[in-house]
Structure formats: C-alpha cells, structure tokens
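Engineer: Protein chains in written order, with my numbering: chain P, 4 to 146; chain L, 6 to 424. Ideal Cβ placement from N, Cα and C applies to all residues, glycine included.
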Amino acid sequence: MIRHLTGRILVPGSAEGRALVSPGPLSFWGGFNPKTGEIVDRRHELSGQIITGRVFVLPGGKGSSTGSACLLEGIRAGTAPAAILLLKADPILALGAIVADELYGRSVPILVLPEEEFRSLRDGDQVAIERDGRMTVGSPDAG
Amino acid sequence: MTIRLTDRDRQMLEGLCGEGTRLAMSILVRMAEAYGAGDLLDVTQAHIDGCGFLSDASLEFAETLASRGAKVSIPTTLNMGPLDLQNWKAFGVREDFAAKAIRQAKAYTDMGCIPTWTCAPYQGYLTPRFGQQIAWGESNAVVYANSVLGARTERYGDYIDICAAITGRVPRQGLHLTENRKGQLLVRLVGFDQARLREEAFWPAFGHFLGPAVGDRIPVIEGLPPEATDDQLKAFGAAAASSGAVALFHAVGLTPEAPTLAEAFQGGRPEGTLEVHPADLAAAAADLSTADEGAPVAVVLLGCPHFSFAEFRRLADLVRLAPGKSRVGFIVITSTQTHALLLRSDMPAALADFGVRITLDTCMFHTPMVAPGTQVIMTNSGKCAYYAPGELGVKVAFGSLADCVRSAIEGRVCREGRR
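#1: If you measure between the beta carbons of L:Pro126 and L:Ala106, is that distance less than 8 Å?
#2: Just list the residues that DSSP pairs L:Asp44 with in beta bridges.
#3: May I ask you to list, following chain order, the residues of the segment 27-41 of chain L that have a beta carbon less than 9 Å from some beta carbon of chain P?
#4: Can you name the residues that DSSP bridges to P:His7?
#5: Check each candidate in L:Leu397, L:Gln50, L:Thr367, L:Val410 and name the one with the smallest Cα separation from L:Arg319.
#6: Give the straight-line distance between the Cα atoms of P:Gly64 and L:Leu194, rounded to the nearest whole angstrom.
#7: Tell me where the beta strand (DSSP E) around L:Thr82 begins and ends.
#8: Nearest-angstrom Cα distance between L:Gly212 and L:Lys239?
#9: Classify L:Ile119 as helix, strand or coil using the three-state DSSP reduction.
#10: Quick one: does P:Ala131 have its CB under 8 Å from some CB of chain L?
#11: Is any beta-carbon of chain L found at less than 8 Å from that of P:Val102?
#12: By Cβ distance, which residues of its chain are closer than 8 Å to L:Ile53, with the 5 residues on each side in sequence left out?
#13: Would you decide whether L:Tyr392 is buried or exposed? Buried here means 16 or more other CB atoms lie within 10 Å of its CB.
#14: Ignoring anything shorter than 3 residues, give me the beta strand (DSSP E) runs that lie fully in the segment 285-354 of chain L, in order along the chain.
#15: For the beta strand (DSSP E) containing L:Arg362, name the first residue and the last one.
#16: According to DSSP, is L:Gly212 helix, strand or coil?
#17: Are the C-beta atoms of P:Pro62 and some chain L residue less than 8 Å apart?
#18: Which residues in the same chain have their Cβ closer than 8 Å to the Cβ of L:Gly299, if we skip the five residues on either side of it in sequence?
#19: Could you please tell me which residues of the segment 72-86 of chain P, in chain order, have their CB closer than 7 Å to any CB of chain B?
#20: Quick one: residues in its chain with C-beta nearer than 6 Å to the C-beta of L:Leu215, no 5 flanking neighbours on either side, listed in chain order?
#21: Please classify L:His52: does DSSP put it in a helix, a strand, or coil?
#22: Using a Cβ-Cβ cut-off of less than 8 Å, give me the residues of the segment 154-172 of chain L that come near chain P, in sequence order.
#23: Residue range of the beta strand (DSSP E) that P:Arg21 falls in?
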C-alpha cells in the first residue's frame, strides 16, 4: 500500500529510507552518539538501535540545546538519520540541520506531521521525502 | 512562510556586511521560519554557550565565522569553557583536546567576545537590565536572567547564540514577548516554617523537585521568603533548569514581574495549582544523593554555577571556625573576575590553609577534575548532583555548604541531622 503525506518543512531536503519509529522523545545530547549513530540513552525505548540512514520518526526532541551540536556532528560524520519526522517542531534539531546545510552543504530534512499522519507511520515503512514536503510511504506488510 | 526583513536585515543576508555576517543572518532567518516567527527583533546583549570545544564541527563552525570576518555587534560574554585556560596541564587535559579548545576559544575572542568564561554571567560583568532583550545561552543563566533580573531571552544554545551576537537580531517569539511570560501554574509552599525556608539546601532541593513537576509551564511560586539572596535564587534556578526545562519562574513579592499574584498571571487564572510540602523536598534532597551517609568522600566540588564572592565569604567563615583541615580533594570553581576580587580580600590564606583548590574558567563536566576510579563526590549544588552520576560515573552526596566542609574534615559523608 502506498500513501501520500505532507509535512510542514522545518528544514527542506529530499531523502529516502526505512522508518524507525521512536515511541518517546529523545535528547540528541546524551542520547545519540555521533561517532556510531547509536541511540545511547539507556532509558530510551530504542537504546542500542542505529539511526544512521533511517527516516527517524520522533514525537519531539527534549533536553539540552547541545543536541544541535550532536546532530551537526552526526551529519558531518555521516552517522545522522536520512530524515527526521516530528510531531512537534523542535528548534534544537532544526538548528543542527540548518547549520550543517550552511557549513557543509549537506543536511537532514526535518518535517512536522499532523498527529494522524504521524501515528500512521510504522517501523520499516519505506519513506521518500521531496523537497516541497510531500512524502510517499510504502508499508512492507501490504506490499 | 516568509520572514519580514528590515533593510538592515536584508543587507546582512545579502552579504553587504561581510561573508561571516551573511552566514549568521542566513541561519537566523531559517531558524525564524522553523520557529514560525514573522520577523526578527533587536537584542542588545549576548552570552555564548557554544564557545566550548565539543566536537570538530563546533570548532569548524567558529573558525568559519571568524575567518570570514564576523564580529559581534553587541556586548557578548562567554560561558565557561572546557579547560582552565591558565592551568589546564595540572588537570591532565590531553594536548590534542587542549589545542582544539584553545583554537575555538580564540575564534570567539577574535570575533570580539568578552573572555568572561563563566556560567554565572549575571554575577560578573554586564548584568542585564529589567526588560532588556538579550540572547543568552546556558540554562542556569537563562532562567536567572528571565526570572530574577526580568531580562528577556529564549534558551539559545550552540550556534544560534553567536549568530544573534553577530547580527544583534533574534526571531520574534517565545520569552521575548510579554504574552508568553505569563504565569501558568500556581505553586504553593505549604507547611514550611521560616527556619526551613532559610536552610541552604532548601533552594537546590526545591529546584530539583520543581523542574519535572512543572513540565513546560511557567510556575508562579507563592511563599518564598522575600529576603532570598541572589545565590539562593541561583542555586534554585540552576537545579530547576537541570531536572526540568524551566526557563522562567515568577516568585510573588520576590521577582520583578511578580509584585503580586495577579500581575504574575497577567490578570489571568492559573491553569492549575501544585502544592509542595516539606516531605516532597525531603524526597527531592534524598533523590539528589546516590551515596550513602558515612561513605568515604574522594573530592568536594563546589561552584556549579560558578562560586560568587559572597559564597566564598560563607565558605571562608566556615573553614575559619572548622575544627580541622580537609582530608580530601576540595575544588571550588569560579570566574577570573570573582577570583580577582578574592585575591584582594582577606580570604585566600584561610581557604588555602583548609585545603581549598580554586579552578577558573571551566566546569567539572568538561575538564577532568575528578580522577578516574573516583567513587564518591560531594557537592552543595543541585545541578552538579543531578548530572554527576551520569556524566562523571560517580556516586554523589548532596548537602549544605557546612555539610561539605564537615565531610571534608571527616573524609566521609557527614550531614547535619543524619549523624
């Protein structure tokens, strides 16, 4: 089954990847290791998972503003997710991706989705994001 | 969405004020879009949190701005850095790390920042005024500036802080706007006697309790003693901004936007009421300690946020009366400005005699003050106690300043009322 969604663009860009859905918010500072791409917050539901190259579906950021630096370093090092889809706009993550774009000319698109569309995303969905905010989602279970 | 820009904004964005300023303005305009702001507003002071070397990207960002000729356009102070710039070798900081940290420090001072290197800028140089629009980073400084001084800042972190300092502009949104500074949650202290409210440990314990309890709402606190000191409010705010995300609180009769309860809520009604009882704060204080009573203490760490002159005075008074000297490491962190005053006071000999070691410019979480393998540290700071177990891998004992002095003499955790 193929679905089409549209998100509000925080940071524009095109990307493609498999969804990884986080039940709870994550602080990238202390929660994401930019050397390895691993979620290292040991109290987080996805602790130990690698988010590199995934379309990271996250209800929101939280915690220290140093999260911007951790996402930027992840983009620089090539360990960042392919894209981040949020339920709630997060200026900390947006800043990391915007600075990466300005500094290195490469970035991670960040979009905010309406609640119903956000909740419709499942682990493993194949997600393609266009620069204008339109997204195509294919669920593997429905072919 | 399009951001409304002034002619001056557009000149900066088009590179007419130099390539470094163009980069800063471009980031700010894109952030204004992300925030959903309609335009930018002027700020007249900045405090930079992103000046400490954190990663190669943070160094590249600073050096890119500096090499493209960016200069700050407003008075801009610097937060504590990752090392004691004078004495880093004594702490065993790695040479390659120090070299990068010093390069990053130079990039910020080359851009015209004032090398204050302190996380308590409100107790040093250039204290903001009531109502002043500023762009500050560092969570404890943000909550103090907004709440105690009545200046107006969002929580600005790495990168956007220096962009604001260069351009003198920030997105018009958040705590810069009067309507967003309205109290939301009424917090009532119930059953506290006056003696309890004067106890030093009350403040960090209350902050530690309040952070998660208020979430993202602005608390209005009723029942705090009007004679609260700057240092008590500092300890309270730092703890609340560590355990939670508090960027602004009002305290009725104490902070400038809350002369009365009605004014704190801007004439509106509270969204809810939270009653706080002495048992809540006893639990919060216990939660700040992970070490047992009587456990051997390796080092006492004070100055999170940086120790003020008045805090040194209280420490000096305690050690002069103390029945012995510290048997453990005893580190106090402060700024060069406070240290300069300290050196001209009558205190240095008494402090040194007790075993106090003073460190400047930096932070216990950024420079290796705590030796590997250390089991237990002790502190009077709620912020330090909150972060130390995770960041330093130690057990922590939280107590009053007097408890810290007593424990240092005994060499073990030894707190009043628990002996």
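Structural biologist: Per the coordinate set shown:
#1: Here residue 126 of chain L is taken as the residue at index 121 of the second sequence, counted from 1. Here residue 106 of chain L is taken as the residue at index 101 of the second sequence, counted from 1. Against a cut-off of 8 Å, the Cβ pair of L:Ala106 and L:Pro126 comes out as no contact.
#2: The residue you call residue 44 of chain L lines up with position 39 of the second sequence. Within the DSSP secondary-structure output, L:Asp44 pairs in a beta bridge with L:Arg9.
#3: Those would be Leu28, Ser31, Ile32, Arg35, Met36, Glu38, Ala39, Tyr40, Gly41, in chain order.
#4: On the first sequence, position 4 is the one that residue 7 of chain P refers to. P:Thr139, per the DSSP bridge assignment.
#5: Here residue 319 of chain L is taken as the residue at index 314 of the second sequence, counted from 1. Selected option, being the one with the closest Cα: L:Val410.
#6: Here the question's residue 64 of chain P lines up with position 61 in the first sequence. Here the question's residue 194 of chain L lines up with position 189 in the second sequence. So the two alpha carbons sit approximately 32 Å from each other.
#7: In the second sequence, counting from the first residue as 1, residue 82 of chain L sits at position 77. Element bounds for L:Thr82: 81-83.
#8: For the purposes of this step, residue 212 of chain L is taken as residue 207 along the second sequence, with counting starting at 1. For the purposes of this step, residue 239 of chain L is taken as residue 234 along the second sequence, with counting starting at 1. Taking the Cα positions, L:Gly212 is about 10 Å away from L:Lys239.
#9: Taking the first residue of the second sequence as position 1, residue 119 of chain L is located at position 114. Correct three-state label for L:Ile119: strand.
#10: Against the first sequence, residue 131 of chain P aligns to sequence position 128. Not closer than 8 Å to any Cβ of chain L, the Cβ of P:Ala131 fails to qualify, so no.
#11: As a first step, residue 102 of chain P must be located in the first sequence, where it is residue number 99. Interface residue, yes.
#12: Position 48 of the second sequence, counting from 1, holds the residue named residue 53 of chain L. So the qualifying residues of the chain are Thr81, Thr82, Leu83, Asn84, Tyr113, Cys118, Gly142, Asp166, Ile167, Ala170.
#13: Within the second sequence, residue 392 of chain L is the residue found at index 387, counting from 1. Label assigned to L:Tyr392: buried.
#14: For the segment 285-354 of chain L, whole beta strand (DSSP E) runs of length 3 or above, ordered along the chain, are 304-307, 334-339.
#15: Your numbering for residue 362 of chain L matches position 357 in the second sequence. Start and end: 362-365.
#16: As a first step, residue 212 of chain L is located in the second sequence; it is residue number 207 there, counting from the start. Here L:Gly212 sits in helix by DSSP.
#17: As a position in the first sequence, residue 62 of chain P is number 59, starting the count at 1. Answer no: the Cβ-Cβ gap between P:Pro62 and chain L never drops below 8 Å.
#18: Residue 299 of chain L sits at position 294 when you count from the first residue of the second sequence. So the list reads Arg417, Val418, Cys419, once near-sequence residues are dropped.
#19: Annotation note: the requested chain B is absent from the structure, which comprises protein chains P and L.
#20: Here residue 215 of chain L refers to the residue found at position 210 when the second sequence is read from its first residue. Apart from the 5 residues on each side of it in sequence, L:Leu215 sits with its Cβ closer than 6 Å to the Cβ of Ala245 in its chain, given in chain order.
#21: Position 47 of the second sequence holds residue 52 of chain L. Correct three-state label for L:His52: strand.
#22: Closer than 8 Å at the C-beta level to chain P, one finds these residues of the segment 154-172 of chain L: Arg160, Tyr161, Gly162, Asp163, Tyr164, Ile165.
#23: Here residue 21 of chain P is taken as the residue at index 18 of the first sequence, counted from 1. Run containing P:Arg21: 18-24, per the beta strand (DSSP E) assignment.
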